[in-house]
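Down below is the structure, laid out as structure tokens.
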Amino acid sequence: MKNLSSEQIRKEFLEFFKSKGHEILPSISLIPDDPQLLFTVAGMVPFKKIFWGLEDPKYPRVATVQKCIRTNDIENVGRTPRHHTFFEMLGNFSFGDYFKKEAIEYAWEFLTQRLEIDPSRLWVSIYKDDDEAFEIWTKDIGLDPKKIVRMGKEDNFWGPVGPSGPCGPDSEIFYDLGPIEGCSSDECTPACGCNRFLEIWNLVFTGLYQDENGNLGELERKNIDTGMGLERIASVLQKVKSNFETDLFMPLIRKSENIFSIKYGSQESNDISMRIIADHARAATFLIADGVSPSNTERGYVLRRLIRRAVRYGKLMGANEPFLYKYVSTVQEIMGKSYPEIIERSAFIVETIKSEEERFLKTLDQGLAMVEKIISTSKNIFGQEAFKLYDTYGMPLDILLDISNEKNVRVDVEGFNKLMEEQKHRSRESLGVQSFVDSIYESISNFKTEFVGYESLESESRVVAMISNGEEVGSVPNGNEAEVIFDKSPFYAEMGGQIGDTGRCEFSGGNAIVIDTYQKANLHIHKIKVESGTLRIGMNVKLIVDEKRRKSIARNHTATHLLQAALQKVLGDHVRQFGSYVGPEKLRFDFTHNSPLTSEEIEKITMMVNEEILKADEVKTKIMPLEEAKRIGAMALFGEKYSDTVRVVLVDNFSKELCGGTHVSNTGEIGIFMITSERGVSAGVRRIEATTGINVLKILLDQFKMIENLSSKLSCQKEEIENKVKALIDENQELIRENGALRKSLILQNVKEMCENARKSGKKFVAIRVENLNSSDLRDVADDALRIFGKGAVVILQENGEKVTLIVKSTLNNANEIASNLSKHFGGKGGGKGEMAQGGWNGKIDMGKVEKILEESLK
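Using the numbering used here, you'd call the opening residue of the sequence shown number 127 and step up by one each time.
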């Protein structure tokens with residue numbers, strides 16, 4: 127058996143299947159083009175539509191090494207030898223080409239001849255009724271029938287996904303690790319649950335189709351889908367007992383040894399923590415490289431969970447500061463050659479992980495303290511408590527479950543999930559979200575509209591369908607609105623951040639205005655309002671786009687491309703589009719970056735874009751194969767689906783992007799570009815708003831008018847405004863200071879009288895109400911009052927709107943008790959030390975009650 131590195135295994139696998147006529151395809155992103163999947167979870171994901179018969183294959187046979195993410199068994203990661211969140215799947219696929227015999231022969235040849243694994247160590251399982259596979263394994267391969275195990279549907283039958291669809295039996299290949307301690311079976315086989323036999327390859331024979339009634343029939347085009355985990359086969363070839371002991375993980379575990387000064391293998395709890403950190407460091411690195419940022423929704427939440435879970439296990443080994451980001455360089459050393467994107471986006475990956483660690487560490491100690499407090503009095507963490515830990519302290523449920531398992535405490539997961547669902551429901555209601563497309567749109571989705579808006583802003587068209595009040599109609603009379611589909615249209619439908627066109631629709635005997643254009647259920651929909659006459663199905667019409675508005679949108683859209691290119695040149699290659707809006711008045715661009723832009727960076731970006739505008743370079747659009755577009759460096763959006771032929775928008779050598787939007791013909795038409803704001807919108811995502819052309823001129827004119835008005839009101843020249851305003855601010859600050867000092871002096875005079883009167887009357891305390899003091903002045907007044915009062919307690923109270931603040935100073939070492947009792951009586955909280963304490967409550971000051979409480983507590 128060969129002893130190969132993980133890098134060599136990938137190479138051997140792809141070279142072998144290339145020699146068998148397979149097209150070698152690169153790994154797709156972890157963010158798949160599939161609305162049903164959050165992540166790429168298996169090697170077959172890129173070919174799902176082919177397996178479903180929805181798409182014809184470009185190649186009859188392919189092989190890949192696919193990066194994957196699964197988190198359904200996250201609680202087992204690090205606790206078993208084989209569970210991972212990020213993993214690589216080696217796979218070969220046939221689409222109507224070869225079938226069972228060749229698939230089995232290729233797998234056996236690769237394992238026994240290419241990798242030189244001893245055939246005597248290999249076992250096989252097949253579906254219980256798959257006599258064909260049994261014949262191939264025994265007669266064609268020559269495998270001893272005793273080494274073939276027949277199993278049921280739950281083990282050796284794949285699919286369908288849902289009530290109907292493609293499916294078929296499979297055959298799994300196992301490696302015999304040798305006798306396992308604790309297994310009592312004399313004749314152990316892969317059917318035994320003792321883990322002696324390691325599944326290394328699954329061959330799925332997708333040759334059947336199950337209908338809605340459960341009946342099976344043969345597919346016209348039979349397919350092969352195989353998957354072999356790189357981590358598992360590496361453990362076999364490298365002769366180690368666990369995936370974590372392979373060259374894919376050990377450098378990361380050694381990193382933990384250095385960071386935490388703990389030897390791997392010395393204590394099981396630390397070993398588990400090291401394995402979890404190694405796994406999650408890989409997953410986080412690849413997710414961020416593929417465009418995921420930490421957030422509280424969907425993919426971003428999964429990434430946040432992984433980082434926070436790793437931080438928590440680092441905390442168990444003594445971490446008190448960010449550490450996970452330090453593993454990125456090691457992940458790059460192990461896997462950067464096969465996946466260069468993790469090197470290209472290195473700085474951004476490091477910055478994103480470190481920022482998320484810092485945010486979580488601020489609340490982790492509070493959250494852990496809260497957990498300890500809860501479990502100190504109960505063996506149950508109720509749903510409300512679990513939800514508060516998540517909502518207030520950012521503690522994911524799986525971390526809480528990890529802790530509960532360690533502490534033997536039960537978590538009310540059902541109650542937590544119910545509260546989470548209620549929160550999601552409130553969010554959906556507030557956003558007015560619909561998660562379905564009305565059936566009326568589906569029923570007419572066969573109507574296709576030819577878009578002619580790149581070449582012309584007008585077209586002669588025909589009405590092919592209309593929807594009004596949720597129903598398909600044949601006519602729309604004067605004064606009514608409807609959604610209309612035409613056979614062709616110059617109106618751009620909202621897509622890729624660019625809003626839809628507006629304009630006019632002229633027809634015999636009347637006209638309508640086009641209010642908006644958008645897509646729904648693959649329909650090119652024009653929302654119209656009939657102004658005169660009646661619009662009918664089958665009518666010939668003239669469609670006219672609002673030219674002025676379209677040109678404003680085009681200026682902003684081309685400027686968006688220039689902005690993205692400038693951001694990458696100034697900030698780095700990690701910048702990726704995270705959302706956009708392109709309208710006639712402004713553009714908005716969200717992008718991945720971890721820190722606010724400096725004024726110098728904003729100025730540099732602005733100048734760079736305007737320099738490109740002044741060049742008046744031609745804006746070219748080219749239709750080309752997707753692979754060619756990628757070769758020339760055209761930017762694409764993560765997770766976006768592109769056909770084999772794409773439209774590329776190019777501006778000289780400055781910007782190249784895949785884009786279906788409308789643009790100016792040369793950059794000079796943009797006129798001028800101005801950034802109007804820059805801010806953060808979520809962790810690791812910034813937002814720039816900007817505008818172009820006449821919109822910039824309007825802003826400059828408004829600012830000029832404002833400066834003129836200021837100049838007039840300040841009675842100075844325009845160039846003197848800044849100094850004049852500074853002088854006024856300084857003067858105002860001085861007046862505020864003087865006023866504060868005077869107010870404080872008057873308050874102190876009153877305090878002095880109250881303290882002297884209380885002292886003469888023999889009281890142990892004095893309670894004084896003040897107004898309009900900041901926190902520093904409040905403490906000063908309390909100090910002065912105690913000096914005057916002498917021995918006893920001084921209580922200073924102040925109202926700020928609906929909130930009461932109090933400060934207690936005492937020579938009796940009871941300030942903490944007074945502040946706590948007084949605040950608690952009015953529904954608030956207080957505390958501190960014996961000499962000085964603070965407190966407060968929501969409401970008003972009732973000096974009568976305050977005096978009474980103090981008299982009772984200081985008897």
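All C-beta atoms in this analysis are idealised placements derived from N, C-alpha and C, irrespective of residue type, glycine included. If you're wondering where the values come from, they're calculated on a predicted model, not measured in any experiment.
Take the Cβ of residue i as the centre, count every other Cβ of all protein chains shown within 10 Å, and call the residue buried at 16 or more, exposed below.
i, result
"Q690", "buried"
"Y580", "exposed"
"V559", "Since pLDDT at V559 reaches only 34, below the 50 mark, its modelled position is unreliable, and the value read off the structure follows with that caveat. It counts as exposed."
"L374", "buried"
"S678", "buried"
"V563", "Confidence at V563 is low in this model, with a pLDDT of 36, below 50, so the placement of that residue is unreliable and no value is reported for it."
"F830", "exposed"
"L334", "buried"
"G629", "buried"
"S145", "exposed"
"E214", "buried"
"S803", "exposed"
"T352", "buried"
"P466", "exposed"
From the DSSP output, which residues share a beta bridge with residue i?
i, result
"G958", "A963"
"Q192", "M215"
"L932", "L923 and G965"
"L868", "In the DSSP output, where bridge partners are listed per residue, L868 has none listed."
"A591", "I611"
"T718", "V811"
"S220", "R187 and I350"
"C881", "Bridge partners of C881: none, in fact."
"E632", "N637 and K668"
"L163", "According to DSSP, which records beta bridges pairwise, L163 is partnered with nothing at all."
"G343", "Y335"
"R276", "I252"
Regarding residue i and the ligand HEM, is the C-beta to nearest heavy atom distance less than 6 angstroms?
i, result
"S725", "Absence of the ligand HEM is noted for the structure shown, with no ligands found whatsoever."
Give the DSSP-derived three-state secondary structure of residue i in the structure shown.
i, result
"W263", "helix"
"K970", "coil"
"M988", "The first residue shown for the chain is 127 and the last is 985, placing residue 988 beyond what the model contains."
"Q859", "helix"
"H406", "helix"
"F449", "coil"
"F577", "strand"
"Q843", "coil"
"F375", "coil"
"Q703", "strand"
"L557", "Since pLDDT at L557 reaches only 35, below the 50 mark, its modelled position is unreliable, and no value is offered."
"R471", "coil"
"K712", "coil"
"M127", "coil"
"M170", "coil"
"V563", "Low confidence applies here, because V563 scores a pLDDT of 36, under 50, leaving its location unreliable; read the following figure in that light. It is coil, neither helix nor strand."
"W178", "coil"
"E982", "helix"
"Y439", "helix"
"V896", "strand"
"N604", "coil"
"T643", "strand"
Taking residue i and residue j to be in contact with their CB atoms under 8 angstroms, please state how far apart those CB atoms are, rounded to whole angstroms.
i, j, result
"T372", "S132", "7 angstroms"
"H683", "V708", "5 angstroms"
"E783", "M761", "4 angstroms"
"I944", "V976", "The Cβ separation is near 11 angstroms, so there is no contact."
"I525", "R438", "5 angstroms"
"P316", "S246", "No, P316 and S246 are not in contact; Cβ-Cβ is about 15 angstroms, not under 8 angstroms."
"A647", "S571", "5 angstroms"
"I507", "L363", "Wrong, their Cβ atoms sit about 44 angstroms apart, outside the cutoff."
"A963", "F915", "Contact flag wrong, Cβ pair sits at about 16 angstroms."
Practice task
Ignoring anything shorter than 4 residues or poking outside the region 761 to 841, list the alpha helix (DSSP H) runs there in chain order.
Solution key: Counting whole runs of 4 or more residues, the region 761 to 841 contains the alpha helix (DSSP H) stretches 819 to 840.
Exercise for the section: Return the chain-ordered ranges of every beta strand (DSSP E) run that is complete within the region 279 to 341 and spans a minimum of 3 residues. Expected result: If we require 3 residues or more, the beta strand (DSSP E) runs fully inside the region 279 to 341 come out as 291 to 302 and 323 to 336.
Practice task
May I have a chain-ordered list of the beta strand (DSSP E) segments no shorter than 3 residues that lie completely inside the region 652 to 700?
Solution key: With a minimum length of 3 residues, the continuous beta strand (DSSP E) runs that stay inside the region 652 to 700 are 666 to 671.
Practice task
At 3 residues or longer, and completely inside the region 719 to 760: list those beta strand (DSSP E) runs for me, N to C.
Solution key: Fully enclosed beta strand (DSSP E) runs of 3 or longer: 745 to 751.
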